[in-house]
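Asks:
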Amino acid sequence: MLEIKNLHASIAETGLEILRGLDLTVQDGEVAAIMGPNGAGKSTLSYIIAGREDYQVTQGDIFYNGRSVLAMDAAERAALGIFLAFQYPMEIPGVATMEFLKVAMNAQRKARGEAELKVPEFIKIVREATAGLEMDMAMLKRPLNVGFSGGEKKRAEILQMALLQPKLCVLDETDSGLDIDALKIVADGVNALRAKTRSFLVITHYQRLLDYIVPDRVHVLYKGRIIKSGDKNLALQLEQNGYADIIGAAE
Ligand SMILES: Nc1ncnc2c1ncn2[C@@H]1O[C@H](COP(=O)(O)OP(=O)(O)O)[C@@H](O)[C@H]1O
Ligand SMILES: [Mg+2]
Numbered sequence: 000m001l002e003i004k005n006l007h008a009s010i011a012e013t014g015l016e017i018l019r020g021l022d023l024t025v026q027d028g029e030v031a032a033i034m035g036p037n038g039a040g041k042s043t044l045s046y047i048i049a050g051r052e053d054y055q056v057t058q059g060d061i062f063y064n065g066r067s068v069l070a071m072d073a074a075e076r077a078a079l080g081i082f083l084a085f086q087y088p089m090e091i092p093g094v095a096t097m098e099f100l101k102v103a104m105n106a107q108r109k110a111r112g113e114a115e116l117k118v119p120e121f122i123k124i125v126r127e128a129t130a131g132l133e134m135d136m137a138m139l140k141r142p143l144n145v146g147f148s149g150g151e152k153k154r155a156e157i158l159q160m161a162l163l164q165p166k167l168c169v170l171d172e173t174d175s176g177l178d179i180d181a182l183k184i185v186a187d188g189v190n191a192l193r194a195k196t197r198s199f200l201v202i203t204h205y206q207r208l209l210d211y212i213v214p215d216r217v218h219v220l221y222k223g224r225i226i227k228s229g230d231k232n233l234a235l236q237l238e239q240n241g242y243a244d245i246i247g248a249a250e
């Protein structure tokens, strides 16, 4: 599904290198957790996979189903099924959430050569998805993320994911700002989407989320590189001992 080879990437404006030779493979159907201390480059990695333009890849490549995505813009990548749930979801004043969802879904359908959804059909799909996430449909009349609580923003991100049915889902610290009940609901939403043909990159600082979204692989990111990989037990080990041991061994 995803193969990242020797990726070096810098902030376009300043040239500051953030990713420094990152290698990562995610198989079809796999849930891979990326863990790492603050400032390791986790969000940067998510932005670069999604195609955000403020970063420059200076070396290496990102292959999605065997194709390099580096020359594609964010919209092309999204149309191919790459989805990013942001750590800090953007507020979009003036655009009702419902309208945003409709435009996003229809853009993807168009890219796939499918007809636009009729309004009743669209509303039915959204109603089902919001029920699963215990979201109130009334919230969707409000502008996207404006005045949403931390938990509501994260649910709105998972709702978008459930509606767009992407193939590669990158979740950046979806657990931040969630209380335990919201965390469970969001994790259930993610787990419901697990499939042999869909992969997840679950980025998190803490092990807690991984009690609910159980990963197949765990990778530790530090100073822009993956310094250790293992199974879900690696996350438990990090929870107990912190990052210091692993960082010490890698340096
Ligand atoms: N636009 C930017 N300008 C300057 N520094 C940045 C920018 N974006 C990220 N960084 C720096 O890059 C490093 C990695 O950041 P980030 O990817 O957000 O880490 P993480 O998500 O793991 O906490 C940090 O040291 C951060 O300060
Ligand atoms: Mg981050």
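Heads up: the sequence shown runs through residues 0 to 250, numbered per numbering that gives the first Met the number 0.
All residues carry an ideal CB built from backbone N, CA and C; glycine is no exception.
#1: Run through DSSP, which three-state label would I79 get?
#2: What I want to know is whether the C-beta of D53 ends up closer than 7 Å to one or more non-hydrogen atoms of ligand 1.
#3: In the structure shown, what three-state DSSP assignment does D135 receive?
#4: Which of the three DSSP states, helix, strand or coil, is assigned to A128?
#5: Following a CB-centred definition, is G241 positioned closer than 7 Å to any heavy atom of ligand 1?
#6: Leaving out five residues on either side along the sequence, give the residues of the same chain with a beta carbon under 6 Å from the beta carbon of V169.
#7: Can you give me the Cβ contacts of S287 inside the same chain, cut-off strictly under 7 Å, excluding the 5 residues immediately before and after it?
#8: Between the region 230-241 and the region 48-68, are three or more C-beta pairs nearer than 8 Å?
#9: With C-beta atoms as the reference, is L158 less than 8 Å away from A128?
#10: To the nearest angstrom, report how far apart R126 and G188 are at their CA atoms.
#11: Is K4 helix, strand or coil by DSSP?
#12: Going by other Cβ atoms of all chains shown within 10 Å of its Cβ, with 16 needed for buried, is Q26 buried or exposed?
#13: Report all residues from its chain with a CB closer than 6 Å to the CB of E115; omit the five preceding and five following residues, and keep chain order.
#14: What's the C-alpha gap between V263 and K153?
#15: Let me know the beta strand (DSSP E) ranges lying completely inside the region 167-224, each 3 residues or longer, listed in chain order.
#16: Please name the residue in E151, M0, G247 whose C-alpha comes closest to that of T96.
#17: State the start and end residues of the unbroken beta strand (DSSP E) segment that holds R89.
#18: Under 8 Å, with one C-beta from each stretch per pair, do the region 130-142 and the region 196-211 reach the 3-pair mark?
#19: Check whether the Cβ atoms of R19 and K166 sit closer than 8 Å, and answer yes or no.
#20: Let me check understanding here. Comparing Cα to Cα, which of M136, G131, L79, F147 lies closest to K109?
#21: Which same chain residues end up closer than 7 Å to V213 when comparing Cβ atoms and leaving out the 5 residues on each side of it in sequence?
#22: Is K231 near ligand 2, in the sense that its beta carbon is under 7 Å from a heavy atom of that ligand?
#23: Determine the direct distance from the alpha carbon of T203 to that of T173, and round the result to whole angstroms.
#24: Once the 5 residues before and after I246 are set aside, which same chain residues still bring their CB inside 6 Å of it?
Replies: Answer, in terms of the structure:
#1: Ile is not the amino acid found at residue 79; the sequence shown has Leu there. If DSSP states are grouped into helix, strand and coil, L79 belongs with coil.
#2: yes
#3: coil
#4: helix
#5: no
#6: S45, I48, L83, L200
#7: As displayed, the chain neither begins before 0 nor continues past 250, which places residue 287 out of reach and without an answer.
#8: no
#9: yes
#10: 14 Å
#11: strand
#12: exposed
#13: N105
#14: Lying before the first or after the last residue shown, residue 263 is absent from the chain, which here runs from 0 to 250.
#15: 167-171, 198-203, 216-221
#16: E151
#17: Strictly speaking, residue 89 in this sequence is Met, with Arg absent from that position. Segment: none, M89 is in no beta strand (DSSP E) and carries neither H nor E.
#18: no
#19: no
#20: L79
#21: K231
#22: no
#23: 7 Å
#24: Y221
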